[in-house]
Amino acid sequence: MISFFILKWRGIIFTYLFLSFFLFGCTRPEDNAINEPGKNPSAIDSEKSGPELHTIEISEMKFHPDQINVHKGDTVIWKNNDIVAHCITEENTKAWTSSKVPAGASWKMVVNTSANYFCAIHQVMKGKITVE
Amino acid sequence: MKQFRKVIAAAIVYSVILAAPVSAQKTSKLTDPEIASAAVVANQGDIGFAKIAKQKSKNADVLKFAETMATDHQSVIDQAVALVTKLKVTPKDNAFSRKLTSDAAKTRKMLQSKSAKTFDKAYIDNEVAYHKGVIAAVENVLIPQASNQELKSLLQNVVPTLKAHLEHAQMVQKMFSKK
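Quick note, the sequences are listed as chains S and G, same order. For the first sequence, this note's numbering begins at 1 and goes up steadily by one. For the second sequence, this note's numbering begins at 1001 and goes up steadily by one.
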């Protein structure tokens, strides 16, 4: 009877030690990363961050902003907050176009090259994307 | 009833735009129902001109411009109708909107009489003049005289569209002057 309790308590203690070690081991890498010399959490985040999202608002028959600098692979989204439909079209060779974007709708694309663009519906509306 | 409201609204828009500078000096302040009527009439007028252009012109720039006018002005009418419906305002015919309607009829007759050779220039010249008149009327008469804030805001939102139309028309007009 006594030996049975000894064996049972040994099992409980062994399990406790095993779990403590396991859980402790899982938390250490995070502590090491946060405390790594010369780095802080925000620096690590920026290194990991990928392509950015840039927003251009269409309102009062203009692109806001009408000129934007991006990195290759960034996404640009145009939000049409105007009262009429617009489109976003590459100006020089018509290499790409959004087709008609109704009032209240949006359109986005991944940018890989610089471009002058315009609204082919209202040809006086122009914008420029520069890939840095 | 809906069609009637649209016509009234279009009439109001164009009346206000074109006749306001003169009417404002001769008549008393327009009411919101009268302003709504002038706004709709003014928009309907340009849709009528665009319809003729689509029938008579073969010039790609003119046809594209006319298509934009028809689409944009219908969009403005739809929003004006939605607003007056929400506000439970019935557009009211008035001297201003009636003048817009009669002027638009004369312009349509003039455009219909043009030959294929002279139509494009006549249409674009009229678009430049028409939008100048409408912008002046909206800015100097309709917006200042509108009482309801939502109606005033709608009219203010329409001005940049009208100015872009004018700029676009002037761009096409320059192309004709170079030929």
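Glycine is no exception: its CB is placed at the ideal position from the N, C-alpha and C atoms. It should be emphasised that the depicted structure is a prediction, and the values quoted were computed from it without experimental measurement.
Minimum Cβ-Cβ distance from residue i to chain G less than 7 Å
| i | result |
| --- | --- |
| residue 124 (chain S) | yes |
| residue 58 (chain S) | no |
| residue 88 (chain S) | no |
| residue 84 (chain S) | yes |
| residue 121 (chain S) | yes |
| residue 61 (chain S) | yes |
| residue 128 (chain S) | no |
Cutoff 7 Å: residue i Cβ touching any chain S Cβ
| i | result |
| --- | --- |
| residue 1091 (chain G) | no |
| residue 1168 (chain G) | yes |
| residue 1173 (chain G) | no |
| residue 1161 (chain G) | yes |
| residue 1164 (chain G) | yes |
| residue 1043 (chain G) | no |
| residue 1085 (chain G) | no |
| residue 1072 (chain G) | yes |
| residue 1057 (chain G) | no |
| residue 1206 (chain G) | Nothing can be reported for residue 1206 (chain G): it is not among the residues displayed for chain G, which extend from 1001 to 1179. |
| residue 1068 (chain G) | yes |
| residue 1157 (chain G) | yes |
Which residues DSSP lists as bridging residue i, in chain order
| i | result |
| --- | --- |
| residue 109 (chain S) | S:76 |
| residue 117 (chain S) | S:90 and S:127 |
| residue 67 (chain S) | S:128 |
| residue 97 (chain S) | S:89 |
| residue 1105 (chain G) | The partner list for residue 1105 (chain G) (beta bridge, DSSP) is empty, contrary to what the question assumes. |
Residue i Cβ short of 6 Å to the ligand GTP heavy atom set
| i | result |
| --- | --- |
| residue 112 (chain S) | As for the ligand GTP, it is missing from this structure, which has no ligand bound. |
Residue j beta carbon less than 7 Å from that of residue i
| i | j | result |
| --- | --- | --- |
| residue 1032 (chain G) | residue 1151 (chain G) | yes |
| residue 51 (chain S) | residue 74 (chain S) | yes |
| residue 130 (chain S) | residue 92 (chain S) | no |
| residue 1111 (chain G) | residue 1035 (chain G) | no |
| residue 119 (chain S) | residue 101 (chain S) | no |
| residue 1050 (chain G) | residue 1097 (chain G) | no |
| residue 1029 (chain G) | residue 1145 (chain G) | yes |
| residue 1128 (chain G) | residue 1169 (chain G) | yes |
| residue 1173 (chain G) | residue 1124 (chain G) | yes |
| residue 1041 (chain G) | residue 1100 (chain G) | yes |
| residue 124 (chain S) | residue 1164 (chain G) | yes |
| residue 1102 (chain G) | residue 84 (chain S) | no |
| residue 107 (chain S) | residue 114 (chain S) | no |
Minimum C-alpha distance to residue i - residue among the options
| i | options | result |
| --- | --- | --- |
| residue 54 (chain S) | S:62, S:61 and S:67 | S:67 |
| residue 1046 (chain G) | G:1059, G:1061, G:1028 and G:1077 | G:1077 |
| residue 1120 (chain G) | G:1041, G:1129 and G:1061 | G:1061 |
| residue 111 (chain S) | S:58, S:77, S:104 and S:121 | S:77 |
| residue 1055 (chain G) | G:1075, G:1113 and G:1040 | G:1113 |
| residue 72 (chain S) | S:124, S:109, S:121 and S:123 | S:109 |
| residue 1180 (chain G) | S:126, S:128 and S:121 | One cannot answer for residue 1180 (chain G) here, as it falls past the ends of chain G, which runs 1001 to 1179. |
| residue 1080 (chain G) | G:1099, G:1137, G:1115 and G:1044 | G:1044 |
| residue 90 (chain S) | S:49, S:126 and S:132 | S:126 |
| residue 1087 (chain G) | G:1176, G:1136 and G:1147 | G:1147 |
| residue 1161 (chain G) | G:1104, G:1115 and G:1132 | G:1132 |
| residue 1065 (chain G) | G:1106, G:1154 and G:1126 | G:1126 |
| residue 80 (chain S) | S:132, S:115, S:57 and S:113 | S:57 |
| residue 1136 (chain G) | G:1166, G:1122, G:1118 and G:1085 | G:1166 |
| residue 1069 (chain G) | G:1085, G:1048, G:1089 and G:1107 | G:1048 |
| residue 94 (chain S) | S:60, S:65 and S:117 | S:117 |
| residue 1073 (chain G) | G:1175, G:1176, G:1178 and G:1158 | G:1158 |
| residue 60 (chain S) | G:1176, G:1071 and G:1153 | G:1153 |
Three-way DSSP call (helix, strand, coil) for residue i in this model
| i | result |
| --- | --- |
| residue 25 (chain S) | Summary for residue 25 (chain S): the model assigns pLDDT 38, below 50, so the residue's position carries little reliability; its value from the coordinates is reported in the next sentence. Of the three classes helix, strand and coil, the one that applies to residue 25 (chain S) here is helix, per DSSP. |
| residue 57 (chain S) | strand |
| residue 62 (chain S) | strand |
| residue 1053 (chain G) | helix |
| residue 83 (chain S) | coil |
| residue 1164 (chain G) | helix |
| residue 102 (chain S) | coil |
| residue 1089 (chain G) | coil |
| residue 1146 (chain G) | coil |
| residue 1033 (chain G) | helix |
| residue 1073 (chain G) | helix |
| residue 1048 (chain G) | helix |
| residue 1059 (chain G) | coil |
| residue 122 (chain S) | coil |
| residue 1171 (chain G) | helix |
| residue 1133 (chain G) | helix |
| residue 1114 (chain G) | coil |
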